[in-house]
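Protein chains in written order, with our numbering: chain A, 1 to 241; chain B, 1 to 535; chain C, 1 to 715.
We put the beta carbon where it would ideally sit given N, CA and C, even for glycine.
Here is the structure we will look at.
Structural data, given as C-alpha cells:
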C-alpha cells in the first residue's frame with residue numbers, strides 16, 4: 001500500500017493557515033447577520049417581525065441581532081423585503097459571563113483534549129466539528145485532539161439542546177472530567193434550544209444543565225468558528241464582546 | 001360507513017383484487033394523485049390485509065400515522081406499491097380501550113412504528129412481540145405518560161418524573177458466561193451520535209448487537225402542533241440537518257400537494273440539483289466514515305477533503321453549508337445566477353472526479369476490502385422482511401428508490417440509474433454509495449444544463465384544512481412528511497416517517513455473530529443517523 | 001543428633017495416636033480445638049525431625065517388626081524423605097490451623113467431627129510412614145492404608161455431595177495404581193535378596209532391559225495415578241471438586257506429593273536404569289500433562305476444578321523435570337542431571353505450598369459466599385481484603401512471577417532444557433526442544449489462567465446474588481499468612497534452599513547442584529580461587545557480594561554457567577531484585593511526595609459511557625476472558641455447541657438464544673472411554689459364560705482343573 005503514502009504526499013499541504021494568517025477561501029462560513037441601521041423604525045420593525053425565532057429586536061431604527069437565537073433560516077437575508085447586513089467572518093465565540101471567564105492555564109495552549117458530547121444535536125454541528133479533523137483544517141497541528149473518555153479531557157463541547165434522555169449522561173460526563181475543565185456550548189441549539197426551545201423533552205440549551213464557559217453561536221457554526229472557540233478557551237485568542 | 005364509488009370511476013385490476021379478497025371488510029377509494037385509500041371496516045381484517053399488501057402485492061411498508069381525534073383513534077398504515085404509488089389503509093377505533101391487532105407478526109417492518117405508538121400514545125397492540133421502553137427511557141420516565149396525546153402540554157414547567165432506578169435491559173443470550181458489553185451513549189470521542197449499544201457476547205464474537213436509540217428525542221412532532229406552516233418548515237429542516245434539503249423538500253411538497261400549487265419548472269430543476277448536491281455531499285461523508293472506521297487514514301483524509309469542498313461549494317452557491325433556508329412552499333426562496341451555477345458544476349465535477357479516483361484506489365487495496373467484505377451481511381431475504389430503504393436496501397438487492405415509482409419535482413424527466421447490489425455486505429454498501437454519487441453528479445449536470453428561465457416560486461395560495469403528504473428520497477432513504485392542517489392554516493398533526501427509523505431495525509436484527517473489531521465498520525457502512533431516527 | 005531425630009519422630013507418632021484416640025471420645029466441639037493444637041504440634045514435630053535429619057546429614061534407620069515369612073519392616077529416613085517430610089509438615093500445620101473454624105459445620109449434622117479427627121490423625125501418621133518407609137513391604141502396606149484413608153476423607157460428606165461417584169473413581173484408580181506399584185516392586189524384589197531398599201537398589205543396577213522397562217512403566221504410571229500424570233489422571237479433577245474444602249489442601253499439597261515421591265524413589269533412586277528411553281517417556285508424558293492440565297484450567301470456571309487442573313499442570317512440570325534428570329544421568333551428564341533434579345524437587349516443594357494456599361483461599365470463598373463459580377463472583381477485594389492479599393500472593397507464585405517461589409523453579413526447569421546440547425542424539429535434542437516449547441506455552445497459559453482467576457473473583461463488580469457473611473477467621477489468617485510467607489521466602493532465598501535439596505540430589509545424580517548453581521560469592525576472594533578472578537570481578541561490580549559479611553551462606557545469586565560448547569552465563573537473584581524494586585519504589589515515593597505539588601484527588605464514580613449505572617451483566621465474565629483460549633485450542637477441546645433459539649414471531653424477534661456446550665475431557669475421550677468400552681466389551685463377552693446352567697459350571701471347574709494339572713505337568 002505504498003501508493004497511499006505516495007498519493008498522500010502528492011496532495012501536498014492543504015491546511016488552512018489560520019490562526020497565523022486570515023482564511024479567505026470562499027464557502028468556509030455562511031456569515032452572520034449584523035446589527036443594521038435602517039432608515040425608518042418601521043423598516044426595522046418589519047425586519048424584526050420577519051424573524052421566526054425573535055432573534056431580531058428593533059430599537060428605533062436599529063435592528064439588533066442576537067446571534068445566539070439565530071437559526072439561519074435566511075429570511076432576513078435572501079428575498080427579504082428589508083434584508084439585514086451580513087458579514088462573512090467566523091470568529092463569534094463569546095463568554096456568557098466575561099467577568100467570571102478564565103481561559104485554561106498555559107500548559108493547555110498546545111495540548112488540548114476535547115470531549116464532544118452529542119446531547120440531541122441535528123447532526124450538522126457534529127459534522128462541522130468532525131471537519132476539524134480533516135487536512136483542510138488540521139486541528140492536530142494546533143495541538144488539539146478529540147478524546148473518547150472524559151477522564152483525560154480538558155474541554156467539554158456540547159452540541160444539541162440537551163434532550164431529557166441525554167441529560168443524565170451529559171451530567172455524568174461533566175462530573176467525570178477532572179479539573180481544570182471548561183464547558184463550551186456549540187451551536188444555537190446548545191445556547192438557547194434553537195427551534196426546539198424548551199419543552200418537556202428539551203432542556204433548552206446547555207445553560208440549564210451545566211455551567212457554560214464559552215458560547216459558540218451558529219446553526220451550525222462553521223468549523224473555523226469552532227476552532228476559534230477552542231483557541232479562545234486556551235487563551236490564544238480573545239473572545240469577542 | 002360504506003361509500004358508493006362514483007359511476008365514472010373505473011377500478012384498476014389491483015383495486016378490484018383487494019375488493020374481491022376482503023369484500024365487506026374494506027372500502028376502496030382513490031383520493032389524491034398517486035395515493036390509493038383503503039378504509040378498513042372490520043378491525044380483524046387488518047392483519048390479513050397488510051399481509052396481502054406486503055407479501056402478495058410486494059408493497060413496501062411506509063409507516064404508521066396515528067391521530068387522536070375527539071371521539072376516536074385514526075390510524076393510517078402507509079404502503080408503497082412498486083411502480084404504482086401509495087396506498088393508505090385507514091383504521092378507526094374507539095378512544096377508550098381500543099382493540100388493535102398488531103401487524104408485526106406479518107409485516108416485521110411495522111415493529112418500531114407500533115412500539116412508538118405504544119410509547120407516545122399509549123395504544124396497545126395485541127400480539128406484538130415486545131413493547132415497552134422505547135422512546136421514553138424507563139430510567140428517566142415513568143410509564144403511562146403518552147406525550148403525543150392532545151391533553152399533554154409539552155411546555156409544562158413542572159413535570160414530575162419518577163424514573164425506574166431498577167431498570168435492567170433484557171438480554172437475549174442466556175449462556176451462563178454471557179455478558180453484554182455496553183457502548184455509549186457517550187463514546188467514539190463524541191464524534192459518533194449518542195446511541196447506546198449492548199453487545200451481547202460470550203467473549204470472542206458479538207452474538208447480538210442491540211442498539212438503544214432515542215437519546216436524542218426532541219419531540220419534534222409534538223412541538224410542531226399549533227405552529228404555522230413556515231415555522232413547521234424550520235423544524236423540518238433542522239431535526240436532521242445533514243438531509244435538511246430533502247426533508248424540507250418533502251415538507252414543502254406536502255403543502256404544495258394540499259394547496260394544489262403548481263411549482264414552476266425552474267424551481268423544480270433547481271430543487272433537483274440541490275437535492276442531488278446534498279446526496280453527493282452526504283455520501284462523501286459516509287465514505288469518509290467508512291474509511292475512518294477501517295483506519296485507512298489517507299483515504300479518510302481524501303474523502304474528508306471532498307466532503308469539505310462540497311460543503312464549501314454549497315455555501316458559495318446557496319449561502320449556507322447545509323442548504324438551510326432554500327425551500328419554501330411553492331418553490332425556492334431565492335434565485336441563482338448563471339456564474340453561480342457554473343461554479344457549482346465545476347465543483348461537482350471536481351468532487352466526483354476525486355471520488356472516482358478514490359474508488360479506484362480503494363478497490364486496489366485488498367486489506368481495506370478484506371475488512372468490508374462479509375462484514376455485516378444483510379441478506380436479501382432479511383432486507384425484504386424488514387423492508388429496508390435507501391442505499392442499504394439497494395445494497396441487499398432491493399431496487400427501491402422513491403425517485404422512480406413516485407417521481408416528484410420533475411425526476412421523471414431525467415435519466416439516471418438506480419443502483420442495486422446483491423451481496424448485502426459492507427463492500428456492496430460502499431459500491432452503492434460510489435455509484436449513487438456518480439449518478440447524483442450526472443443529475444446535477446442534466447438539471448443545471450437544462451435550466452429554464454422563469455420564476456423560482458409560485459405565488460402564495462391558501463392552504464385548505466385537511467391532510468397533506470409529501471415525500472422525497474433523502475440520502476439515507478425514503479422519507480415521508482405528513483401533515484394535517486386546521487382551518488387557521490396551523491399544523492394540527494405533523495408526522496415524519498424517516499428512513500433511519502426503518503433502517504436501525506435492520507442493523508439490530510439482521511447483523512448477528514460478528515467480531516468485536518468489525519462493529520465500528522458495520523456501523524459506518526450502514527451510515528445511519530440517530531438524529532433522523534429520534535426526531 | 002541421631003537420638004533427637006529418633007525421639008522427635010517417636011513423639012510425633014505418639015501425638016498422632018493420642019489425637020486419634022482422643023478425637024474418637026471427646027465431644028465434637030473439642031475436636032476442632034484438638035485438631036488445631038495437636039495437629040499443629042505434630043506437624044511442627046515432623047518439620048523438626050526433618051530439619052534435624054537434614055542438618056545432621058546422615059541417614060537414620062531402624063527396624064520395627066519382623067513378619068514371619070515376609071521380611072522385616074523398617075524405617076529409613078534419608079534426605080529425600082526429609083525434604084518431603086518437611087513440606088508435608090508445613091502443609092499439615094497450615095491445614096490444621098485452617099480447619100479449626102470450618103469444622104463448626106460438622107458439629108451438628110450427621111458427620112461427627114470426631115470421625116474426621118480420627119481419620120485426619122491416622123492419615124498424618126500414614127503419610128509420614130510412607131515417606132520414611134525403609135523397605136518395600138512397609139511402603140506398600142502403608143501406601144494402601146494411606147489410599148484408603150484418603151478415600152474415606154474425600155468421601156466424608158457422602159450424601160451432600162453432588163458427585164458421589166467421584167470418590168469411588170478415586171478409590172478404583174488408587175487400587176489400580178497400587179496394583180501396578182506392587183508388581184513393579186515385585187519385579188525388582190525378584191532379583192534382590194530382600195525387600196529392603198538398599199537391596200532393591202542393588203538389584204536395580206542389574207536388571208535386564210525388559211524388566212527395567214516393566215518396572216519403569218508400572219512404577220511410573222502406578223505412582224502417576226496419585227501424582228496426576230496423563231492418562232491416569234482423569235479421576236483427579238472430579239475427585240478434587242467433590243472433596244470437602246477443609247481436606248482438599250492436604251489432598252493437593254501432601255498426597256499428590258506422595259505420588260511424586262514414589263516416582264523419585266522408585267524410578268529415580270532405586271531403579272534409574274541405564275538407557276535414556278525411560279527418561280524421554282517421562283519427559284514427554286510430563287510436558288503433555290502440563291499442557292493438558294493448564295488448558296483445561298484456563299477454560300474452567302469452577303475454582304476448585306480449575307485448581308485441580310492446575311495441580312495436574314504442576315505435576316506435569318515436575319515429572320518433565322524428572323524425565324530430563326533421567327536422560328541426563330543415563331547419558332553421563334551428571335551436572336545437568338543434578339540441575340534437573342533440583343528443579344523438579346524445588347517445583348514439587350513450591351507446588352505444595354502455593355497450591356495449599358490457593359485451596360485454602362478457595363475454601364474460604366466457597367464458605368462465605370456459597371459459590372465457587374467465577375462467573376458469579378467478583379468484587380471480593382472489597383469484602384475480603386485480607387484474603388485478597390494472600391490469594392494474590394498465591395496467584396503470583398503459581399504464575400511464576402518473581403520474587404515468589406514459582407519463578408525460581410520454573411526458571412530452573414526451563415534452564416535445564418536449554419542444556420540439551422550435551423545430549424548424544426539429535427532426536428533427543430529435538431524432543432527436549434519441543435518439550436521446552438510446550439512448557440513455555442504452559443507457563444504463559446498459567447499466567448492467563450491466574451490473571452483470570454484473580455481478576456474475575458476479586459476485582460470488578462459483584463456478578464452473582466450472594467453476600468459475604470463471614471470474613472477470614474483469625475487462625476485461618478495465620479495459616480494462609482504462613483504459607484504466603486513461605487512462598488516469599490522460598491522465592492527470595494533460593495540459594496539457601498538449593499543446598500538443602502542438594503543433599504538428596506547429590507546421591508541420586510552424582511554431582512553437586514550447589515556447586516553448579518550457587519557460586520560462592522560471599523566466601524570467594526581473589527586469593528582463594530573458588531571462582532575465576534575475572535568472573536568474580538565482573539559480578540562484584542554488579543553487586544553480587546552485597547551483604548557478604550552480614551548474611552550467611554554462599555551468596556544470593558543463582559548462576560548457571562553454560563558448557564564448553566555454549567559458554568554463556570544465566571544468572572538471577574530474586575533477593576537482589578526485590579531489594580532493587582523496593583529501593584526504586586521508595587525513591588519514587590520520596591520524589592513524588594517531597595518534590596511535587598500536592599494535588600487534590602477527587603473520587604468519582606466509574607465512567608461507563610454515560611449509562612446510569614454499570615450492571616453486573618455488563619462486566620466481563622470468566623467465560624468471556626478465557627474464550628480466546630477456548631477458540632484457539634478448539635481442536636483439543638472439541639466442544640459440541642448446541643445452539644437453541646426461541647423465537648416469538650420469526651427469526652427476527654428472538655427472546656432467547658441458548659448455546660449449550662458439551663465437552664468431553666481430552667483424556668476421557670482418548671483413553672478412559674476407549675479403555676472402558678473395551679473392558680465392558682470383554683466383560684459382556686465373558687458374561688456370556690454366566691447363563692445359569694449348573695452343568696456348564698461343573699464343566700468349567702473340570703476344565704480348569706485339567707488345565708492346572710497340565711500346567712503343573714509342564715512346569
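(request) Show which residues of chain B have a CB atom less than 7 Å away from the CB atom of residue 631 of chain C. (result) 204
(request) Give the straight-line distance between the Cα atoms of residue 428 of chain B and residue 533 of chain B, rounded to the nearest whole angstrom. (result) 23 Å
(request) Whole angstroms is fine: what's the gap from residue 536 of chain B's alpha carbon to residue 422 of chain B's? (result) Here chain B comprises residues numbered 1 to 535, so residue 536 of chain B is not present and cannot be evaluated.
(request) Could you please give the first and the last residue of the uninterrupted alpha helix (DSSP H) stretch that includes residue 328 of chain C? (result) Looking at the DSSP string, the run of the alpha helix (DSSP H) that includes residue 328 of chain C is 303 to 330.
(message) I need the boundaries of the alpha helix (DSSP H) containing residue 181 of chain B, first residue and last residue.
(response) From DSSP, residue 181 of chain B is part of no alpha helix (DSSP H) but of the beta strand (DSSP E) over 179 to 183.
(request) For residue 308 of chain B, return the contacting residues in chain A, with the cut-off set at a CB-CB distance below 7 Å. (result) Within chain A, the residues near residue 308 of chain B are 131, 134 and 136.
(message) Count Cβ pairs between the stretch 437 to 454 of chain B and the stretch 268 to 280 of chain B that sit closer than 8 Å; are there 3 or more?
(response) yes
(request) Kindly confirm or deny that the stretch 464 to 475 of chain B and the stretch 248 to 255 of chain B touch, where touching means at least three C-beta pairs closer than 8 Å. (result) yes
(message) Is there a C-beta anywhere in chain B that falls below 7 Å from the one on residue 656 of chain C?
(response) yes
(message) Please return the same chain residues whose Cβ sits closer than 7 Å to the Cβ of residue 130 of chain C, not counting the five positions on each side in sequence.
(response) 139, 142, 143, 146 and 258
(request) Could you give the DSSP three-state label for residue 391 of chain B: helix, strand or coil? (result) helix
(message) Distance cutoff 7 Å, beta carbons only. Does residue 201 of chain A sit that close to anything in chain B?
(response) Proximity of residue 201 of chain A to chain B, defined by a Cβ-Cβ separation below 7 Å, is satisfied.
(request) Measure from the alpha carbon of residue 473 of chain C to the alpha carbon of each residue in C/104, C/64, C/79 and C/84, then state which is nearest. (result) C/104
(message) Taking CB distances under 7 Å as the criterion, tell me whether residue 537 of chain B reaches chain C.
(response) Outside the displayed span of chain B (1 to 535) sits residue 537 of chain B, for which this structure offers no information.
(request) Consult DSSP for residue 5 of chain B and reduce its assignment to one of helix, strand or coil. (result) Residue confidence for residue 5 of chain B is low, a pLDDT of 44 falling below 50, so the modelled location carries little weight; the figure read from the coordinates is stated next. DSSP places residue 5 of chain B in coil when its eight states are reduced to three.
(request) Determine which residues of the stretch 167 to 181 of chain B have a Cβ less than 7 Å from any Cβ of chain C, and write them out in chain order. (result) 168, 171, 172, 173, 174, 175, 176, 177, 179, 180 and 181
(message) Between residue 226 of chain B and chain A, is the shortest Cβ-Cβ distance under 7 Å, so that the two count as touching?
(response) For residue 226 of chain B, the answer is no, since every Cβ of chain A falls outside 7 Å of its Cβ.
(request) Taking only the alpha-carbon atoms, compute the straight-line gap between residue 206 of chain A and residue 156 of chain A and give it to the nearest angstrom. (result) 11 Å
(message) Give me, in chain order, the residues of the same chain whose beta-carbon lies closer than 7 Å to that of residue 3 of chain B; leave out the 5 immediate sequence neighbours on both sides.
(response) Note that residue 3 of chain B scores 40 on pLDDT, short of 50, meaning its location in the model is unreliable and no value can be drawn from it.
(request) List in chain order: all unbroken alpha helix (DSSP H) runs of 4+ residues lying wholly within the stretch 160 to 233 of chain C. (result) 165 to 190, 197 to 204 and 209 to 227
(request) Have a look at residue 1 of chain B and residue 466 of chain B and give me their C-alpha separation to the nearest angstrom. (result) For residue 1 of chain B, the predicted model reports a pLDDT of 35, less than 50, meaning its position is unreliable; a value from the coordinates is still stated below. Approximately 20 Å between the Cα atoms of the pair.
(message) Quick check on residue 8 of chain A - is its C-beta less than 7 Å from some C-beta in chain B?
(response) yes
(message) Tell me the rounded alpha-carbon separation between residue 325 of chain B and residue 240 of chain B.
(response) 14 Å
(message) I'd like to know whether the C-beta of residue 604 of chain C is nearer than 7 Å to at least one C-beta of chain A.
(response) yes
(message) Against chain B, with Cβ distances strictly below 7 Å, would residue 8 of chain C count as a contact?
(response) no
(request) Please decide whether residue 607 of chain C counts as near chain A, where near means a Cβ-Cβ distance under 7 Å. (result) Yes, because at least one Cβ of chain A sits closer than 7 Å to the Cβ of residue 607 of chain C.
(request) Please confirm if the stretch 99 to 109 of chain A is in contact with the stretch 216 to 229 of chain A, defined as three or more CB-CB distances below 8 Å between the two stretches. (result) No contact exists between the stretch 99 to 109 of chain A and the stretch 216 to 229 of chain A.
(request) Following the continuous beta strand (DSSP E) through residue 85 of chain B, name the residue where it begins and the one where it ends. (result) 85 to 94
(request) Identify, in the order they occur along the chain, each residue of the same chain with its Cβ nearer than 7 Å to the Cβ of residue 117 of chain B, setting aside the five sequence neighbours on each side. (result) 64, 66 and 123
(request) Pull up the DSSP beta-bridge partners for residue 101 of chain B, would you. (result) B/126
(request) Would you mind giving the Cβ-Cβ distance between residue 306 of chain C and residue 297 of chain C, rounded to the nearest angstrom? I have them listed as a contact below 8 Å. (result) At roughly 5 Å, the Cβ-Cβ gap stays under 8 Å, so residue 306 of chain C and residue 297 of chain C are in contact.
(message) Residues of chain B with CB closer than 7 Å to the CB of residue 619 of chain C, please, in chain order.
(response) Those within 7 Å of residue 619 of chain C in chain B are 179.
(message) Threshold first: 3 residues or longer. Then list the beta strand (DSSP E) segments lying entirely within the stretch 480 to 504 of chain B, N to C.
(response) 491 to 497
(message) For chain C, check one thing: does any of its Cβ atoms lie closer than 7 Å to the Cβ of residue 16 of chain A?
(response) Not one beta carbon of chain C lies nearer than 7 Å to the beta carbon of residue 16 of chain A.
(message) Give the list of continuous beta strand (DSSP E) stretches no shorter than 3 residues that lie fully inside the stretch 7 to 74 of chain B.
(response) Taking only runs of at least 3 residues, the beta strand (DSSP E) segments lying wholly in the stretch 7 to 74 of chain B are 26 to 30, 35 to 40 and 60 to 68.
(message) In this structure, how does DSSP classify residue 385 of chain C when only helix, strand and coil are distinguished?
(response) DSSP places residue 385 of chain C in helix when its eight states are reduced to three.
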